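Structure record follows, encoded as structure tokens.
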Amino acid sequence: MPRITSTSFRNGCFRANVLLAANLWAAPPGPSSRGSDMLPSDPTSSRPSVLPLTRGQKAAASPGGACDPDWLGLGGGRCREPGEPGRAGQGAAERADGAGAMGEKCDVVVLGAGISGMSAAKLLADSGLSVVVLEARDRVGGRTFTIRGKSYPLYGLFPTVWNPLVYLDYNNLWRKMDEMGKEIPAEAPWDAPHAAEWDKMTMKELISKICWTKAARDFATLFVNVNVTSEPHEVSALWFLWYVKQCGGTTRIFSVTNGGQERKFVGGSGQITEKIMQRLGGRVKLERPVVHIDQSGENVIVQTLNHEKYEGKYVISAIPPGLTTKIHFNPELPTKRNQLIQRLPMGSVIKCMVYYKEAFWRRMDYCGSMVIEDEEAPISITLDDTKPDGSVPAIMGFILTRKAFKLVHLSKEERKRKICELYAKVLGSEEALHPVHYEEKNWSAEQYSGGCYTVYFPPGIMTQYGRIIRESFGRIYFAGTETATQWSGYMEGAVQAGERAAKEILCKMGKISESDIWKSEPESKDVPALPITTTFWERNLPSIPGLLMLVGVFTPMAALGLFAYKKGLLFRN
């Protein structure tokens with residue numbers, strides 16, 4: 001039977017944001033025992049998310065409905081009532097089939113209506129500039145995509161360890177990664193003292209050097225899979241150590257209390273971009289894939305796939321780096337940026353929701369959270385996504401990286417069957433074989449995302465090309481969560497990157513000083529980031545090699561002492 005690790009839940013308004021999923025799928029509206037009634041009333045509004053909500057973002061608890069986060073500053077915006085249709089962009093933005101303006105002029109054209117692009121647009125609009133946002137999809141939100149509903153917290157994600165050697169190995173792994181991360185500057189990881197050495201190394205090689213037990217190596221592999229939806233042999237050790245460091249370290253990035261997986265919005269994080277879109281109104285243009293950017297003249301001309309043209313003084317690209325390969329530039333992109341964007345793959349993940357008549361696993365004293373260490377299992381990690389009141393029972397699982405690649409050729413129904421069979425085996429109940437509804441989202445199939453949650457850097461790329469990622473090109477500036485220096489890959493990183501790009505333009509226009517570009521935001525008073533503390537033993541327990549060395553030193557000494565004692569050499573005549 002596959003090995004599982006269960007963790008405990010308690011009721012509450014928010015659910016832990018585990019596995020890089022800020023908007024972890026909530027259930028379709030309304031409890032029901034019939035499968036047909038489990039379907040969302042408006043399938044077009046079902047939006048599962050990928051980017052996680054961190055402690056710095058507010059999650060206002062508006063009971064039963066959508067909330068209006070304070071930092072949006074959207075006065076007069078009402079909260080959506082439960083069950084009210086909320087399709088992103090509906091009635092609030094122009095679509096390609098709705099007579100878009102030709103030759104429209106503005107100060108800044110923003111590419112991408114995800115959190116990063118919309119954050120940039122909001123800041124620019126608040127600063128008095130005219131803005132147009134061009135989004136390729138028929139919705140805003142980018143890599144955030146929500147099904148409405150509430151859940152509750154999960155506590156404790158690292159597995160319980162009974163083997164003392166495995167515990168030493170685990171402890172040394174997290175401690176060593178954090179120690180190495182301290183050497184890496186968050187703003188310039190390529191300048192780390194050991195940057196060249198670590199960038200040549202994959203995380204698989206680093207894990208093999210640090211870990212002595214198979215259990216620790218397997219969980220370290222899962223740690224990489226879960227956090228960046230890629231394999232240890234694919235990612236640079238330098239990049240992954242930087243990624244964990246800029247999220248606060250191994251404990252904070254994985255923690256469901258005082259960490260990156262702690263909170264989510266009631267009503268979904270899709271509200272962030274929806275509320276900004278309401279404020280910007282017709283300046284958000286949906287279904288406008290950009291195909292050409294010409295900055296050879298006085299202004300920058302941006303052309304979309306449906307032949308509309310937008311003219312601006314500046315452009316902010318807030319789309320994933322790899323998607324800029326679909327755009328023709330005049331003049332052409334600089335050589336190093338052109339090389340960089342061809343070398344940054346996206347991670348792979350399929351998010352799966354299985355709905356049941358009742359939360360049968362709770363009757364069996366299971367919490368619904370499982371770490372499944374079986375290579376043949378389609379799902380590696382799960383969460384209980386049942387609502388706090390016990391309605392709409394559901395288990396959410398993730399098909400990660402290599403498993404997503406192996407299972408993508410199957411039909412949706414076949415994946416559902418494999419997942420249900422796995423749950424039945426792990427939970428020991430045939431009730432798992434009879435769901436009332438199933439939903440999934442394959443992000444790798446989305447042409448305007450290319451995967452999720454974020455890009456990863458293979459070995460050698462960070463030191464050679466990394467410093468290019470935030471560099472502007474003429475009047476084109478680059479945002480997106482990948483360009484952030486804190487919580488890159490998360491929603492908070494997307495906000496930081498969008499506002500940074502907007503501030504660079506404001507600085508260029510003489511509206512702010514250069515020192516204001518990287519000015520830190522004030523700490524959230526409602527959700528302060530508390531210091532991560534470690535115990536004496538976590539700091540001082542030896543690694544397995546250290547333990548063996550101690551045994552090797554003290555064993556001969558003990559034997560010598562025993563010999564001397566028996567010979568009477570320790571006593572005076």
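Just so we're aligned, residue 1 is where the sequence shown starts under the UniProt record's numbering, counting upward by one.
Heads up, the beta-carbon is just placed ideally off N, CA and C, and yes, glycines get one too.
All values reported here derive from a predicted model rather than from experimental measurement.
Annotation for residue 412: 438, 440 place their beta carbon closer than 8 Å to its own, counting only its chain and skipping 5 residues before and after. A direct Cα-to-Cα measurement between residue 108 and residue 542 gives close to 56 Å. Between the alpha carbons of residue 205 and residue 351 lies a distance of about 28 Å. 9 Å or more divides the Cβ of residue 426 from the Cβ of residue 280. Look at the stretch 469–528 and you find these whole runs of alpha helix (DSSP H), each 4 residues long or longer: 491–508. For residue 200, the CB contacts under 7 Å within the same chain, skipping 5 residues up- and downstream, are 459, 460 in chain order. Looking at the backbone, the Cα of residue 319 and that of residue 117 are separated by about 8 Å. Contact between the stretch 343–350 and the stretch 440–450 is present: 3 or more CB-CB pairs across the two stretches fall below 8 Å.
If one requires a minimum length of 3 residues, the beta strand (DSSP E) runs lying completely within the stretch 403–445 are 437–442, in chain order.
The count of Cβ pairs closer than 8 Å, one atom from the stretch 534–551 and one from the stretch 253–273, stays below three, leaving the stretches out of contact. Here the alpha carbons of residue 470 and residue 496 stand approximately 12 Å from one another. Residue 401 is positioned such that its CB atom lies closer than 9 Å to that of residue 230. Just so you know, the alpha carbons of residue 275 and residue 524 end up roughly 20 Å apart.
Cβ neighbours of residue 240 within its own chain (closer than 6 Å, five residues either side excluded): 203. Less than 9 Å divides the Cβ of residue 364 from the Cβ of residue 428. Every beta strand (DSSP E) of 3 residues or more that sits fully in the stretch 321–362 is shown, in chain order, as 328–330, 349–355.
When the beta-carbon positions are compared, residue 500 and residue 517 come within less than 9 Å of each other.
CA-to-CA, the gap between residue 123 and residue 361 works out to about 47 Å. Residue pairing by DSSP places residue 399 opposite 350 in a beta bridge. Under the criterion of beta carbons closer than 8 Å, residue 228 and residue 235 qualify as touching, at roughly 6 Å. Exposure of residue 433 is indicated by the presence of fewer than 16 other C-beta atoms within 10 angstroms of its C-beta. If you compare the alpha carbons of 181, 385, 247, 448 with that of residue 529, the shortest gap goes to 247. Within 10 angstroms of the beta-carbon of residue 385 lie 16 or more other beta-carbons, which makes it buried.
Per DSSP, the continuous alpha helix (DSSP H) segment holding residue 119 begins and ends at 115–126. Its chain contains 115, 116, 481 as the residues whose beta carbon lies nearer than 6 Å to that of residue 494, once the 5 sequence neighbours on both sides are disregarded; these appear in chain order. Exposed is the label assigned to residue 188, since fewer than 16 other Cβ atoms lie within 10 Å of its Cβ. Residue 322 is a Cβ neighbour of residue 455, given a cutoff of 9 Å. The Cβ atoms of residue 174 and residue 462 do not sit closer than 9 Å to each other.
In the DSSP assignment, residue 454 forms no beta bridge with any residue.
Residue 353 is a Cβ neighbour of residue 394, given a cutoff of 9 Å.
Of the residues 186, 167, 185, the one whose Cα lies closest to the Cα of residue 215 is 167. Inclusion of residue 169 and residue 212 in the CB contact set at 9 Å is warranted, their separation being smaller than that value.
The DSSP-derived three-state label of residue 274 is helix. In this structure, DSSP gives residue 375 a state outside helix and strand, which the three-state scheme calls coil.
Per DSSP, the continuous beta strand (DSSP E) segment holding residue 303 begins and ends at 300–304.
Distance from the CA of residue 392 to the CA of residue 262, rounded to the nearest whole angstrom, comes to 22 Å.
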